[in-house]
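J.:
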Amino acid sequence: MPATDKYGQEIPYSLLTDSPDAQALGKGIADAAAGRSVMRFASAANRGATLIGDSAAQEGMVTYVKDADRIDYYDGANWQPLTPGPWIPFPVASGISYNSGSPAYRLVNGVVEMRGTLRRTDGEGFDAESVIHLGTLPGGYWPGYYRYYIVATEWAAQIHARLEIDPTNGWINALILEGSPHWIAVDGVSSSL
Numbered sequence: 019m020p021a022t023d024k025y026g027q028e029i030p031y032s033l034l035t036d037s038p039d040a041q042a043l044g045k046g047i048a049d050a051a052a053g054r055s056v057m058r059f060a061s062a063a064n065r066g067a068t069l070i071g072d073s074a075a076q077e078g079m080v081t082y083v084k085d086a087d088r089i090d091y092y093d094g095a096n097w098q099p100l101t102p103g104p105w106i107p108f109p110v111a112s113g114i115s116y117n118s119g120s121p122a123y124r125l126v127n128g129v130v131e132m133r134g135t136l137r138r139t140d141g142e143g144f145d146a147e148s149v150i151h152l153g154t155l156p157g158g159y160w161p162g163y164y165r166y167y168i169v170a171t172e173w174a175a176q177i178h179a180r181l182e183i184d185p186t187n188g189w190i191n192a193l194i195l196e197g198s199p200h201w202i203a204v205d206g207v208s209s210s211l
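Positions 19 to 211 (the numbering used here) are the ones given, in order, by the sequence shown.
#1: Below 8 Å on the Cβ atoms is my contact criterion, and I expect L152 with A122 to pass it. Report the Cβ-Cβ distance as a whole number of Å.
#2: Taking the Cβ atom as the reference point for each residue, do Y167 and G188 lie within a distance shorter than 8 Å?
#3: DSSP puts R54 in a beta bridge; with which residues?
#4: On a CA-only basis, which of Y163, Y91, G134 is nearest V83? Give me that one, please.
#5: Per DSSP, T81 is paired with what?
#6: Under the assumption that W201 contacts T135 (Cβ atoms under 8 Å), give the Cβ distance between them as a whole number of angstroms.
#7: With R138 and G113 assumed to form a contact (beta carbons below 8 Å), what rounded beta-carbon distance in angstroms separates them?
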């Protein structure tokens, strides 16, 4: 009967009194060690297709997801990121373009973070007192409820915009109360899922 490692990780090894079976010894060590190491997968979908049945994810498992360049851990119900995901280019609406700061969003431990500034594609200023659809976050990045923020615009400190994220469709809208600034910032906007 095999014994287990001294670190309490339940990695088996054969005793001299065990009947010889190199295949069982190797498989026991490999299976136990793999589940306790940082496993590598091409994508989260590949991970989901691999970790099923008797190889299903166990609480505390850690994986590296190559396409997202991210390390995740399994909390017993869901995979949670340990490292920030990559910045993903901001999904602008029709008539909206990037202005500066490489507009993008990413997921960090259940929180969506945004960066950058956006402008109208035609170069004109945004219209005051109108709702401006800036873009739409993809599913999986929507907040659980409406989120509102005060964000910077091109002009003086007294001219700002109200930013809203809609939890029903991921739309990001802005409202400018006065002036007609040429850009709106999403820098520092963060929203828990």
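Cβ atoms here follow ideal geometry from the backbone N, Cα and C, with glycine treated the same way.
T.: In terms of the structure at hand:
#1: As a position in the sequence shown, residue 152 is number 134, starting the count at 1. As a position in the sequence shown, residue 122 is number 104, starting the count at 1. Contact flag wrong, Cβ pair sits at about 13 Å.
#2: Taking the first residue of the sequence shown as 1, we reach residue 167 at position 149. Taking the first residue of the sequence shown as 1, we reach residue 188 at position 170. No.
#3: If you number the sequence shown from 1, residue 54 lands on position 36. When DSSP reads this structure, R54 sits in no beta bridge, so it has no partner.
#4: Translated into positions along the sequence shown, residue 83 becomes position 65. Nearest option by C-alpha distance: Y91.
#5: To locate residue 81, count along the sequence shown from 1; it is residue 63. Residue pairing by DSSP puts T81 in a beta bridge opposite M57, D90.
#6: Residue numbering aside, residue 201 sits at position 183 when the sequence shown is read from its first letter. Residue numbering aside, residue 135 sits at position 117 when the sequence shown is read from its first letter. Right, their Cβ atoms sit about 4 Å apart.
#7: Position 120 of the sequence shown, counted from the start, is the residue given in the question as residue 138. Position 95 of the sequence shown, counted from the start, is the residue given in the question as residue 113. Yes, they are in contact, since the Cβ atoms of R138 and G113 sit about 6 Å apart, within 8 Å.
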